Amino acid sequence: MYKVEVSPAANGILEEYALRCLSDNGEECALRLLDSYDQKISFLESEPLIGCARLRYVPSKYRVLNFWPHLWFVFQIKESENCVKIDYIIDDRQNYGAFLR
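Here you go:
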């Protein structure tokens, strides 16, 4: 099993999207977002290679994993620490290229 660490920046983005879901679509939508997040975190704990390098402009040191429509974890696997570090959450509809450099 791998430990999953989520950066403060990624947690802040998740909070922003959860609040947006809550205000735009109601509590049920926000809870579904958080459930999807938790489910993918569980996947990463047991199978960190589940992610891929699919998104354009993502540096090769990162892997990505979609967890909600248009939202992706951007993470690194630290084998020596038996850890997955989620550095960012990005929205594939936005210009995230400069953000990741």
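569 is the number of the first residue of the sequence shown in my numbering; add one for each residue after it.
Idealized CB from N, CA, C, for every residue including glycine.
From a predicted model like this one, the values you see are computed outputs, not experimental measurements.
Which residues does DSSP list as the beta-bridge partners of residue i?
{"i": "K608", "result": "For K608, which the question treats as bridged, DSSP gives no partner whatsoever."}
{"i": "L633", "result": "F641"}
Enumerate in chain order the residues of its own chain whose CB-to-CB distance from residue i is below 7 Å, with the five nearest sequence positions on each side excluded.
{"i": "I581", "result": "I657"}
{"i": "N634", "result": "W640"}
{"i": "K629", "result": "Q644"}
Determine, using beta carbons only, whether residue i and residue j come nearer to each other than 8 Å.
{"i": "H638", "j": "R661", "result": "yes"}
{"i": "Y585", "j": "L601", "result": "yes"}
Note down the Cα distance separating residue i from residue j, rounded to an integer number of angstroms.
{"i": "W636", "j": "P616", "result": "18 Å"}
{"i": "S591", "j": "F641", "result": "23 Å"}
{"i": "E649", "j": "S614", "result": "14 Å"}
{"i": "P576", "j": "Q607", "result": "19 Å"}
{"i": "R588", "j": "N579", "result": "14 Å"}
{"i": "E647", "j": "G594", "result": "39 Å"}
{"i": "D659", "j": "P627", "result": "16 Å"}
{"i": "D603", "j": "V574", "result": "16 Å"}
Rounded to the nearest angstrom, how far is the Cβ of residue i from that of residue j, given a contact under 8 Å?
{"i": "V572", "j": "I645", "result": "Contact doesn't hold; Cβ gap of about 10 Å is too wide."}
In chain order, what residues of the same chain lie with their CB nearer than 8 Å to the CB of residue i, ignoring the 5 residues before and after it?
{"i": "G619", "result": "L612, R631, V632, L633, F641 and F643"}
{"i": "R597", "result": "For the record, residue 597 in the displayed sequence is Cys; it is not Arg. Cβ within range, chain order: C589 and L590."}
Can you find the residues in the same chain that come closer than 6 Å, C-beta to C-beta, to residue i, ignoring five residues on each side of it along the sequence?
{"i": "K652", "result": "Residue identity differs from the one stated: residue 652 is Val in this sequence, not Lys. Hits under 6 Å: Y570, V572, L612, P616, F643 and I645."}
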